[in-house]
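In this note's numbering, the protein residues as written are 598 to 769.
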């Protein structure tokens, strides 16, 4: 029937667009994302979730920007938290900064913990510099691990973090 044929074509097109999100050509990725976004504009969660797994950081940055516009939605907040941990520093840092734009997020331990879970230097340094005292208590052991990080910027930021929040902590 016509409905089955439509569904079959839609499924095939959707699979091709999903593959195109990982294309080497940024123009192909952009067009694929625009199409997926248009198809899912009334319910953007699946499109953003799907594209957030793309292997190209430029597209994941775009996902951060789109999700940040919707961060009042719990799923968008969760997506931004996950993207804080992105291995590409500019993606994780952007997600962390977007979350910190909301005043109450500045004291959310899970926001700082997500950034401190990153492997990216930029994200870790920013998290060490912006974690509040209450959240620091919950992430102290991770911050202590970062004191021994071989990257000088991370090592120094972790020490400064301890100096700000626990200057008398002899373990650090």
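Backbone N, C-alpha and C fix where the C-beta goes; we use that ideal spot for every residue, glycine too. Just so you know, these numbers come straight off a predicted model, no measurement behind them.
* Inter-residue Cα distance where the pair is residue 728 and residue 656 -> Start at 1 with the first residue of the chain shown, and residue 728 comes out as number 131. Start at 1 with the first residue of the chain shown, and residue 656 comes out as number 59. The alpha-carbon atoms of residue 728 and residue 656 are separated by roughly 27 Å.
* Asked: If you run the structure through DSSP and keep just helix, strand and coil, what is residue 714?
  -> In the chain shown, counting from the first residue as 1, residue 714 sits at position 117. Residue 714 falls in the coil class under three-state DSSP.
* State the start and end residues of the unbroken alpha helix (DSSP H) segment that holds residue 742. => Within the chain shown, residue 742 is the residue found at index 145, counting from 1. Note, residue 742: alpha helix (DSSP H), 737–744.
* Asked: Could you check where the alpha helix (DSSP H) with residue 761 kicks off and where it finishes?
  -> Translated into the one-based positions of the chain shown, residue 761 becomes position 164. First-last of the alpha helix (DSSP H) with residue 761: 749–762.
* Rounded to whole angstroms, how far is the Cβ of residue 750 from the Cβ of residue 714, which I believe are closer than 8 Å? -> Numbered from 1 along the chain shown, position 153 holds the residue referred to as residue 750. Numbered from 1 along the chain shown, position 117 holds the residue referred to as residue 714. Not a contact, Cβ separation roughly 17 Å.
* Enumerate in chain order the residues of its own chain whose CB-to-CB distance from residue 745 is below 8 Å, with the five nearest sequence positions on each side excluded. => Working through the chain shown from its first residue, we reach residue 745 at position 148. The answer, listed in chain order, is 752.
* Asked: Do the stretch 659–678 and the stretch 686–700 touch if we need at least three Cβ pairs shorter than 8 Å?
  -> yes
* In the structure shown, what three-state DSSP assignment does residue 696 receive? -> As a working mapping, residue 696 is identified with position 99 in the chain shown. In this structure, residue 696 counts as helix in the three-state DSSP scheme.
* Whose CA, out of 747, 661, 763, 719, lies closest to the CA of residue 735? -> For the purposes of this step, residue 735 is taken as residue 138 along the chain shown, with counting starting at 1. For the residues 747, 661, 763, 719, the minimum Cα distance to residue 735 belongs to 763.
* **residue 695 burial status per 10 Å Cβ neighbour count (16 or more: buried)** => Position 98 of the chain shown holds residue 695. Buried is the call here.
* If you run the structure through DSSP and keep just helix, strand and coil, what is residue 682? -> Along the chain shown, read from residue 1 onward, the residue named residue 682 stands at position 85. Looking at residue 682 - three-state DSSP - the assignment turns out to be coil, as it is neither helix nor strand.
* Using the rule of at least 16 other Cβ atoms within 10 Å of the residue's Cβ for burial, across every protein chain shown, is residue 649 buried or exposed? -> Here the question's residue 649 lines up with position 52 in the chain shown. That one is buried.
* residue 688: which of 664, 738, 704 sits nearest, CA to CA? -> Taking the first residue of the chain shown as position 1, residue 688 is located at position 91. Closest option to residue 688, Cα to Cα, is 664.
* **Cβ neighbour criterion (16 or more within 10 Å) applied to residue 720** => Reading the chain shown from its first residue, position 123 is the one you call residue 720. By the neighbour-count rule (16 or more Cβ atoms within 10 Å), residue 720 is buried.
* Apart from the five residues on each side of it in sequence, which residues of its chain come closer than 7 Å, Cβ to Cβ, to residue 755? -> The residue labelled residue 755 in the question sits at position 158 within the chain shown. So the qualifying residues of the chain are 725, 740, 743, 744, 746.
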